[in-house]
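Every number in my numbering is 698 more than the matching position in the sequence shown, counting from 1. Built from N, CA and C at the ideal position, the CB exists for glycine as well.
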Amino acid sequence: MMVKILNILNTSISRFAQNALLIFVFITSFFCHMTWANKADITINNAPDKIHVLLVNPSIENDPFWQKIEVITEQAAVELDINLTIIHGHGTRFFQLEELKKYFNKNPAPDYIILINYPGNAKVSMDFMQQHKVKVKVKVITLEQTITKEEKNIIGDPGEIYKNWLGEIYFDNASAGYLLAKGLINLAKKANKKPIVAGISGHHGSESSLRNSGLQKAIYESGAHLTQIVHAGWSYEDAYKKTHKLLQRYPNINIIWCASDHMALGAVKAIEDSGKKVGVDILIGGFDWTPKGINSIYNKKLSASIGGHFMMGALAIIAIYNEEQGISHNIFVNGQHNSFELSLITQKNISHHIKLLQTDRLSQVSFKKLALLYQNNDSLTSFSILEILDKSH
């Protein structure tokens, strides 16, 4: 009987000891976990914050050209470990400024802003960002040169009046319009055709005017005949309708020069619906290197597209990355400007570049390598965009 009682007591004590041991292990593990978690939180909280950049897309969401700029700018930001936020200006200077104000009212100020200065609104925008600079030192990089000379004189050069304005990244619209026109005219001459040209431009504004001036210069130099330049507001549908009217008015047209791939594809559809052969009866070229435009060249519909300016946002990200590395303004010429040369893609060279250009992402491009190239080679600003992309693989 006594033995049985002792066995029961031993069992109870054993179970109590086991339970006590389990409780001890649990409590120890819990406090160890809490200590580890607190250390992790401290590490995260003490880690240096990423640089925050606000990109102001002047257009609407899903605009074919600006969507590509967004995707590639995001790609550069991710690779260079920079936070990027994108807002949209919805195609007008008033909406863009309001969206910018709305963003500042609801969010902490970014470290940098990338935007286009709208004609007629540049000073107001720069004043607004300068005011915030006093509080949080927001730095600004502008894209393209879209404002008039009079307005340019008012806001000055980067860093001159607005000290937080680091620089501007743009391309020569007139030169690009010229290169596209010369390429199409040369193709027509090789086919033993006297070039008879119609132009389809975008909005009435400085960007379109500069591209048109390049077309007109090429016409003058080559002795080609320019029938008319019409405006289709960057719209596929308007370009389709305007092309129908041009074909009725000038049935002998053999070149249609377009200020965007989107409008060029509208012209392609109109020509096909008219019964004429695209690329045979009429040569068509556009701007922007959109994926649809590039595929259309590959499929022998469009004859050419000039582009590379989708890199503007990514180049601004690289400028910011280098600025944060203590290597200021190497991406800009004379510390202020980067005017890069666009390149012409044709049916002759499309096979070499198709893998690089037929999607929104530039999967073959290393933005870290490109940033290092800009850190070590000021002369990169003299290369065409295709040469720059080739160097960054």
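- Bridge pairing for residue 837: 810 [DSSP].
- The beta carbon of residue 859 is closer than 7 Å to those of 853 in its chain, skipping five residues each way along the sequence.
- Classified as buried, residue 960 has 16 or more neighbouring CB atoms from the shown chains inside 10 Å of its CB.
- Per DSSP, residue 894 is one residue of the beta strand (DSSP E) stretching across 894 to 899.
- Around the beta carbon of residue 783, a 10 Å sphere encloses fewer than 16 other beta carbons of the protein chains shown; the residue is thus reported as exposed.
- DSSP, read as helix, strand or coil, puts residue 941 in helix.
- Residues 894, 895, 896, 948, 951 of the same chain have their beta carbon placed closer than 7 Å to that of residue 925, with the five preceding and five following residues left out of the count.
- Apart from sequence neighbours up to five positions away, the residues of its chain that approach residue 797 with a beta-carbon distance below 8 Å are 754, 785, 786, 787, 788, ordered along the chain.
- Shown here for residue 1004: same chain residues with a beta carbon closer than 6 Å to its own, the five before and five after excluded, namely 874, 877, 878, 985, 1040, 1042 in chain order.
- Note that the C-beta distance between residue 790 and residue 815 is not below 7 Å.
- DSSP lists 983, 1044 as the beta-bridge partner residues of residue 1002.
- Judged by beta-carbon spacing, residue 1054 lies within the 7 Å limit of residue 1062, meaning their Cβ atoms are closer than that value.
- Membership of residue 926 in the beta strand (DSSP E) is indicated by the continuous run 923 to 929.
- Our two residues, residue 835 and residue 994, have alpha carbons roughly 45 Å apart in a direct line.
- Proximity of the region 1002 to 1022 to the region 766 to 779 meets the contact definition, three or more beta-carbon pairs being nearer than 8 Å.
- The beta-carbon separation of residue 977 and residue 999, rounded to 6 Å, stays under the 8 Å limit for a contact.
- Counted as a single uninterrupted DSSP element, the alpha helix (DSSP H) harbouring residue 763 occupies residues 762 to 777.
- Judged by DSSP in its simplified three-state form, residue 823 adopts helix.
- Counting along the chain, the unbroken beta strand (DSSP E) around residue 782 starts and ends at 781 to 786.
- Where residue 797 is concerned, the enclosing alpha helix (DSSP H) starts and stops at 791 to 804.
- Beta bridge pairing from DSSP links residue 869 with 1038.
- Here the C-alpha atom of residue 829 lies approximately 38 Å from the C-alpha atom of residue 912.
- Residue 1082 is bridged by DSSP to 1039.
- The beta carbon of residue 813 sits closer than 6 Å to the beta carbons of 754 from its chain, once the five residues preceding and following it are set aside; these are given in chain order.
- If you ignore the 5 residues before and after residue 968, its C-beta comes within less than 6 Å of the C-beta of 938, 941, 942, all in its own chain and listed in chain order.
- The three-state secondary structure of residue 1091, taken from DSSP, is coil.
- Where residue 963 is concerned, the enclosing alpha helix (DSSP H) starts and stops at 959 to 972.
- Nearest neighbour of residue 778 by Cα position, chosen from 1068, 1085, 1086, turns out to be 1068.
- When beta bridges are read from the DSSP output, residue 955 appears opposite 897, 983.
- Distance from the CA of residue 991 to the CA of residue 842, rounded to the nearest whole angstrom, comes to 22 Å.
- Considering only 956, 869, 824, the residue with the shortest C-alpha distance to residue 856 is 824.
- The DSSP-derived three-state label of residue 1007 is helix.
- Counted as a single uninterrupted DSSP element, the beta strand (DSSP E) harbouring residue 755 occupies residues 750 to 755.
- By alpha-carbon distance to residue 866, the top candidate from 1086, 1091, 1038 is 1038.
- Beta-bridge partners of residue 863 (DSSP): 838.
- Per DSSP, the beta-bridge partners of residue 976 are 980.
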